[in-house]
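If you read the sequence shown in our numbering, its first letter stands for residue 76, the second for the next number, and so on. For glycine and all other residues, C-beta sits at the position ideal for the given N, C-alpha and C.
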Amino acid sequence: MPSNAPSFLRTHGKPSNVGHRGAMGTRPENTLAAFEEAARLGADWVELDVRLSKDGVPMVLHDATLERTTTGRGPVSRASARTLAKLDAGAWFGKAYRGEPVPRLDAVLAWARERGVGVEIELKGDPVCAPGLAEAVVKAVKDTSTTDRVLAISFDHAVCKHLKSIAKSLRTGLLYAARPADPVAFAKLAKADVLVPHASFVCPEDVARAHGAGLGVATWAPSDPKVLAALVSAGVDAITVDHPDVLAKVLRAAK
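Put into structure tokens, the structure is as follows:
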């Protein structure tokens, strides 16, 4: 387990600003338009979701089905990468974003490398429902030479452990929306490098203990300046928000 997880996540000594699905508050989520806007608004990292296409290509989509954010219908897993790439992933958000495609993971990673932006990749679906997803993600990361700027995250212990078994140098984060009795032990069971609790479960004591164990602490939070300032004070290493510009202002004001 890397001992530099906290410093790996931080930017210039402060918590990194992570755009949730890009800048999903003002752009269609999980599209290059959203990722580019997040970077423009001050995000150091972007967070995205990945699912496998029918032919085993990692595509950037949150939902298991296509209806909410694309012009397609049915499960993502039943459509080929070529079919998914032809769907409109922007029209649902507004006329200005018509024609925005569903991106492949490797395309976003290549963009991030050129832009100097880190990427949090959430793997969607469990190993049984999505066999090969971890392997496909690892391949995309290696092929784009972005291992040093990627954090692979999941709510599933098994996914985190499997990622470590096939890519020891890839940093992993364990998401949780309910506080475990012992967060550090919780992470170590999953062989994770980073704890990723919801903001409501962040406290300075847990952050300090995690750092003492060589673990990073990332979180996701509402774009509320008071909440974000408290998280910065608690010592977290990265904060994921829908509105990166709001967090950028909080970070500029932080000592």
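query, result
"Would you tell me roughly how many angstroms separate the C-alpha atoms of K301 and N92, rounded to the nearest one?", "15 Å"
"What does the alpha-carbon distance come out to for the pair N79 and A285?", "12 Å"
"Please return the same chain residues whose Cβ sits closer than 6 Å to the Cβ of T146, not counting the five positions on each side in sequence.", "L162 and D163"
"Leaving out five residues on either side along the sequence, give the residues of the same chain with a beta carbon under 7 Å from the beta carbon of T219.", "D181, L184, A185 and R188"
"Please classify D124: does DSSP put it in a helix, a strand, or coil?", "strand"
"Under 8 Å by Cβ, that's how I've got G97 and N105 pegged, so tell me the actual separation to the nearest angstrom.", "7 Å"
"Starting from E195, follow the beta strand (DSSP E) in both directions and report where the run begins and ends.", "G193 to L198"
"Could you check whether P103 and E195 sit closer than 8 Å to each other, using their CB atoms as the reference points?", "no"
"Drop a sphere of 10 angstroms on the beta-carbon of I228, count the other beta-carbons inside from all chains shown, and report buried for 16 or more, exposed for fewer.", "buried"
"Pull up the CB-CB distance for E122 and H95, whole angstroms please, since I reckon it's below 8 Å.", "5 Å"
"If you draw a straight line from the C-alpha of D231 to the C-alpha of L250, how long is it?", "8 Å"
"Where in the stretch 267–316 do unbroken runs of the alpha helix (DSSP H), each at least 4 residues long, occur, reported from the N-terminal end onward?", "279–287 and 300–309"
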